[in-house]
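Undergrad:
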Amino acid sequence: MNSATVRSLLVRGMLAGLAAGLLALLVAYLLGEPRVDAAIAYEEAHAAHGADHGMEVEIVSRALQSTAGLATGVLVYGVSFGGTAALAYSFALGRVGRFTPRATAALLSGVALLAVYVVPFLKYPANPPSVGDPETIGQRTTLYFLMMALSVLLAVAAVIVGKRLAPRLGNWYATVVGVLGFGVAVGLAYVLLPAINEVPEDFSATLLWQFRISALAIQLTLWATFGLVFGHLAERLLAPKPATAAAPRETAQKAAASAL
0 MNSATVRSLL VRGMLAGLAA GLLALLVAYL LGEPRVDAAI AYEEAHAAHG ADHGMEVEIV
60 SRALQSTAGL ATGVLVYGVS FGGTAALAYS FALGRVGRFT PRATAALLSG VALLAVYVVP
120 FLKYPANPPS VGDPETIGQR TTLYFLMMAL SVLLAVAAVI VGKRLAPRLG NWYATVVGVL
180 GFGVAVGLAY VLLPAINEVP EDFSATLLWQ FRISALAIQL TLWATFGLVF GHLAERLLAP
240 KPATAAAPRE TAQKAAASAL
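Just so you know, numbering that gives the first Met the number 0 puts 54 at position 55 of the sequence shown, and the rest follows in order with no gaps.
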């Protein structure tokens with residue numbers, strides 16, 4: 000694949016990421032922000048009843064955070080991840096199997112969603128404001144990104160193992176072995192890495208569950224939309240349909256002209 004094609008895919012990936020970001024922004028605003036507001040209300044209520052009644056100075060208003068701030072963060076993230084995913088797609092195309100450009104985009108999006116978000120999420124799920132000790136935020140962040148890095152590396156290893164075994168076992172059994180190996184390795188990582196549970200005892204379990212479901216819905220929207228949009232754009236670039244629709248009309252016109 001030449002540099003011009005990679006550059007075209009990069010631009011299309013960023014555009015697809017922007018489109019995915021717009022839909023994810025809508026989901027985040029409708030599903031995520033109400034849960035964030037409820038968690039902040041819980042935190043403020045406990046602060047009001049605590050010994051220290053002093054409130055921190057609000058540098059950025061909550062209204063700005065939930066509108067312009069949210070839009071900026073989600074859209075910038077969408078464009079950035081879209082460009083990164085497009086570069087990964089350029090490398091993976093033709094190397095993971097004989098898939099069409101659109102099917103490769105869908106496969107890449109599904110695997111990336113699983114490895115980059117779902118696997119780390121199951122070990123260290125997202126928490127709303129007021130959940131978590133501020134003193135352990137560094138440790139929690141490190142563990143989360145460590146789990147993410149392990150998940151991505153294990154996913155890549157599973158693909159490599161599957162391709163190596165395919166000539167001997169066939170595509171189906173090689174894929175099964177790769178998936179099982181990935182699952183076992185992730186399970187070991189879950190057991191070996193420390194668990195973190197800092198949810199207050201009186202925090203609403205329903206609110207916590209709804210917040211985590213909304214966080215998962217945002218990522219599902221982001222990756223699914225990207226896979227569909229980018230797959231369409233990549234297909235048009237890499238496998239354009241021949242313009243044959245006008246050929247019969249032109250042939251008929253030439254036949255009529257010759258008859259005259």
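We put the CB at the ideal spot given by N, CA and C, even for glycine.
Small disclaimer: the values here were computed from a predicted structure and weren't measured.
Counting only runs of 4+ residues fully inside the stretch 107-155, write out the alpha helix (DSSP H) ranges in chain order.
TA: 118-122
Undergrad: Locate the alpha helix (DSSP H) running through alanine 188, then write down its first and last residues.
TA: Taking the sequence shown and counting its residues from 1, one reaches residue 188 at position 189. Residues 170-191.
Undergrad: Flag this pair as yes or no: are the beta carbons of leucine 17 and glycine 81 separated by less than 8 Å?
TA: Within the sequence shown, numbered from 1, the residue matching residue 17 stands at position 18. Within the sequence shown, numbered from 1, the residue matching residue 81 stands at position 82. In this structure, glycine 81 lies closer than 8 Å to leucine 17 by Cβ.
Undergrad: I'd like the span of the alpha helix (DSSP H) that includes threonine 99, first residue to last.
TA: Reading the sequence shown from its first residue, position 100 is the one you call residue 99. Neither: threonine 99 is in no alpha helix (DSSP H) and is coded neither H nor E.
Undergrad: Verify whether the separation of the beta carbon atoms of glycine 109 and glycine 226 is less than 8 Å.
TA: On the sequence shown, position 110 is the one that residue 109 refers to. On the sequence shown, position 227 is the one that residue 226 refers to. Taking the C-beta atoms as reference points, glycine 226 is found nearer than 8 Å to glycine 109.
Undergrad: Among the residues of its own chain, which have a CB less than 6 Å from the CB of glutamate 43, if the five just before and after it don't count?
TA: In the sequence shown, counting from the first residue as 1, residue 43 sits at position 44. Excluding positions up to five away in sequence, the list is empty.
Undergrad: What do you reckon, are the CB atoms on glycine 20 and glycine 77 nearer than 8 Å?
TA: Within the sequence shown, residue 20 is the residue found at index 21, counting from 1. Within the sequence shown, residue 77 is the residue found at index 78, counting from 1. The Cβ-Cβ distance between glycine 20 and glycine 77 falls below 8 Å.
Undergrad: When the Cα atoms are used, what is the spatial distance from asparagine 1 to serine 89?
TA: Translated into the one-based positions of the sequence shown, residue 1 becomes position 2. Translated into the one-based positions of the sequence shown, residue 89 becomes position 90. The alpha-carbon atoms of asparagine 1 and serine 89 are separated by roughly 10 Å.
Undergrad: For leucine 149, count the other beta carbons within 10 Å of its own beta carbon; 16 or more makes it buried, fewer makes it exposed. Which is it?
TA: By one-based count along the sequence shown, residue 149 stands at place 150. Flag for leucine 149 reads buried.
Undergrad: Using a Cβ-Cβ cut-off of 6 Å (strictly less than) and excluding sequence neighbours within five positions of alanine 173, which residues of its own chain qualify?
TA: In the sequence shown, the residue the question calls residue 173 occupies position 174. In its chain, beyond the 5 residues on either side, Gly161, Leu164, Ala165 have a beta carbon closer than 6 Å to the beta carbon of alanine 173.
Undergrad: How many whole angstroms separate the CB atoms of alanine 15 and leucine 237, which I take to be in contact at a CB cut-off of 8 Å?
TA: On the sequence shown, residue 15 is found 16 positions in, with the first residue counted as 1. On the sequence shown, residue 237 is found 238 positions in, with the first residue counted as 1. With 8 Å as the limit, alanine 15 and leucine 237 do not qualify as a contact, their Cβ atoms being about 14 Å apart.
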